[in-house]
Amino acid sequence: MSDSNDSRSASLKPSGSASDGEMTRRNFLRTTAVAASGVAAMAAVLAPLRELADFPSLDQFLQKHYQEMTPPEMEKVLERIAREVERQYGLRPHVRDLKPMSGVEFVYCLNLTRCVGCRKCVHACVAENNQSRSPEIQYIRVVKMPNGTFDVEKGNHNYAPETVPQKGFFYMPVQCHQCKNPPCVKVCPVKATWQEADGITVIDYDWCIGCRYCEAACPYWARRFNFAKPSIPKDKINPEMSYLGNRPRPRGVVEKCHFCIQRTRAGRYPACLEVCPTGARKFGNILDPNSEVSYILKNKRVFVLKEEVGTLPRFFYYFDV
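Just so we're aligned: the sequence shown equals residues 0 to 320 in numbering that gives the first Met the number 0.
Right, here's the structure in full:
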């Protein structure tokens, strides 16, 4: 029976046909050639589109998800980003991929007694994180609140007095609360946003499809969508960049506060904290029992915004009294 099967198989082969190994190699080369021509055609299509809009390059289009990239693949991506920034802004940036530090979970504490509503934190954040200036995208929103209420619907986001603070009001800065139970992560259909080990919810701008589900899901108005091509003056660009942080973003993606990941994962404070003239902002590692934020959470009467929605923010408010 075996000899019969062998002879039948042999009779099915045309005279002079190549061996199985040779046929496999030939098929492989043919498939590779077709794929290469397809890639070349795609590159030809993408090139003019990139000149018209924030359309991805071929390398960016074929890039893996952040969490799947190997270190060598990430190095190639960082080099591509550096080249693109240099082409657009005329300076060579220092782009890094900073990972979470072991044994660190970041939290923010904000003393509402001390905040005077000056908005210096807002503008320091814009400058640090390479946010668009025209239109200006702001991650921090300072709300002027009437004394006696925490209902943010009664607050004013667009106050413009000659001097601050104004009598009868207190000021509540609102930004990404880096929730332990982030609704934005749950609704993202392509996993472009996720929570890292140090508590920071991040966004891969190269993976975001701009559906804005996360923006709708956030109860803290923390996410911003780039409707227009972001505009940053060349002399205002911050060259110290992080892949998941303050590298320039294209039109059509969502962005938000990320606790200045390019600073905090390198052992520095967020830009908004450093510029605060009253010391209202405190930031640190909640896993360190000797940190200032640990002391505040143990000894002050703290609260979180919209506790009833169950997001479990890592952003805490408190008063001196």
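Beta carbons are placed, not taken as given, at the ideal position from N, Cα and C, and that holds for glycine.
Practice task
Taking T192 as part of the beta strand (DSSP E), name the residues at either end of that continuous run.
Solution key: Boundaries of the beta strand (DSSP E) harbouring T192: 192–194, taken from the DSSP string.
Practice task
Answer yes or no: do S290 and N284 have a C-beta to C-beta separation smaller than 7 Å?
Solution key: Contact flag set, yes.
Exercise for the section: Since I believe H64 is in contact with D203 (beta carbons under 8 Å), could you give me their beta-carbon distance rounded to a whole number of angstroms? Expected result: Contact holds; Cβ gap of about 7 Å.
Exercise for the section: Under 7 Å Cβ to Cβ from L286, same chain only, skipping five residues before and after it: list those, please. Expected result: Counting only Cβ-Cβ distances below 7 Å, and skipping sequence neighbours, we find G102, V103, E104.
Practice task
To the nearest angstrom, report how far apart C259 and Y107 are at their CA atoms.
Solution key: Distance between the alpha carbons of C259 and Y107 is about 12 Å.
Handout entry: Bounding residues of the beta strand (DSSP E) (the contiguous stretch that carries K297)
Key = Not the beta strand (DSSP E): K297 falls in the alpha helix (DSSP H), residues 291–298.
Practice task
Pair every Cβ in the segment 118–134 with every Cβ in the segment 261–281, then say whether three or more of these pairs are closer than 8 Å.
Solution key: The segment 118–134 and the segment 261–281 touch, with no fewer than 3 CB-CB distances between them shorter than 8 Å.
Exercise for the section: State whether the segment 131–141 contacts the segment 221–230, with contact taken as three or more CB pairs (one from each stretch) at a distance under 8 Å. Expected result: Contact holds: three or more Cβ-Cβ distances are below 8 Å.
Exercise for the section: Using the DSSP secondary-structure output, state which residues sit across from V142 in a beta bridge. Expected result: DSSP lists M171 as the beta-bridge partner residues of V142.
Exercise for the section: Report yes if the C-beta of E273 is less than 6 Å from at least one heavy atom of the ligand PLP; otherwise report no. Expected result: In terms of ligand content, the structure shown is empty, and the ligand PLP therefore cannot be addressed.
Exercise for the section: Pull up the DSSP beta-bridge partners for M240, would you. Expected result: M240 is bridged by DSSP to V94.
Exercise for the section: Provide the residue(s) that pair with E135 in DSSP beta bridges, ordered along the chain. Expected result: Paired residue(s): R132.
Practice task
Identify whether A17 lies in helix, strand or coil by the three-state DSSP scheme.
Solution key: Low local confidence applies: a pLDDT of 44 at A17 is under 50, so the model's placement there is unreliable, with the coordinate-based value given in what follows. Secondary structure at A17: coil, using DSSP grouped into helix, strand and coil.
Practice task
Have a look at the DSSP bridge pairing and note the partners of F60.
Solution key: Its beta-bridge partners do not exist; DSSP assigns none.
Exercise for the section: Can you give me the start and stop residues for the alpha helix (DSSP H) that C183 sits inside? Expected result: In the DSSP assignment, C183 falls within the alpha helix (DSSP H) that extends over 182–186.
Handout entry: C-beta contact flag for L97 and R264 at 7 Å
Key = Less than 7 Å divides the Cβ of L97 from the Cβ of R264.
Practice task
Please look up how many angstroms separate the CB atoms of I231 and P247, rounded, as I've assumed it's under 8 Å.
Solution key: Rounded to whole angstroms, the Cβ separation of I231 and P247 is 7 Å, and the two are in contact under 8 Å.
Practice task
Rounded to whole angstroms, what's the CA-CA distance from G116 to P181? Just pull it up for me.
Solution key: Rounded to whole angstroms, G116 to P181 spans 27 Å at the Cα level.
Practice task
Below 7 Å CB to CB, which residues in the same chain sit around S293 once its five sequence neighbours on both sides are set aside?
Solution key: Excluding residues within five positions, the ones whose Cβ falls inside 7 Å are I285, D287.
Problem - Extent of the continuous beta strand (DSSP E) run through C256 - result: Judged by DSSP secondary structure, C256 falls outside any beta strand (DSSP E); it is assigned neither H nor E.
Problem - Extent of the continuous alpha helix (DSSP H) run through I80 - result: Start and end: 70–88.
Exercise for the section: Have a look at Q194, D197, T200, V184 and flag the residue whose alpha-carbon is nearest the alpha-carbon of C210. Expected result: Nearest C-alpha to C210: V184.
Problem - Residues near F318 in its chain [Cβ-Cβ closer than 6 Å; skip 5 each side] - result: In chain order, L111, T112 place their CB closer than 6 Å to the CB of F318, counting only its own chain and leaving out the 5 sequence neighbours on each side.
Problem - For P164, the three-state DSSP class (helix, strand or coil) - result: Reduced to three states, the DSSP call for P164 is coil.
Problem - Collapsed DSSP secondary structure at L111 in the structure displayed - result: Collapsing the DSSP output to three states places L111 in coil.
Problem - Under the three-state DSSP convention, the category R280 falls into - result: Three-state DSSP puts R280 in a strand.
Handout entry: V106, DSSP secondary structure in three states
Key = When secondary structure is reduced to three states using DSSP, V106 falls in the strand class.
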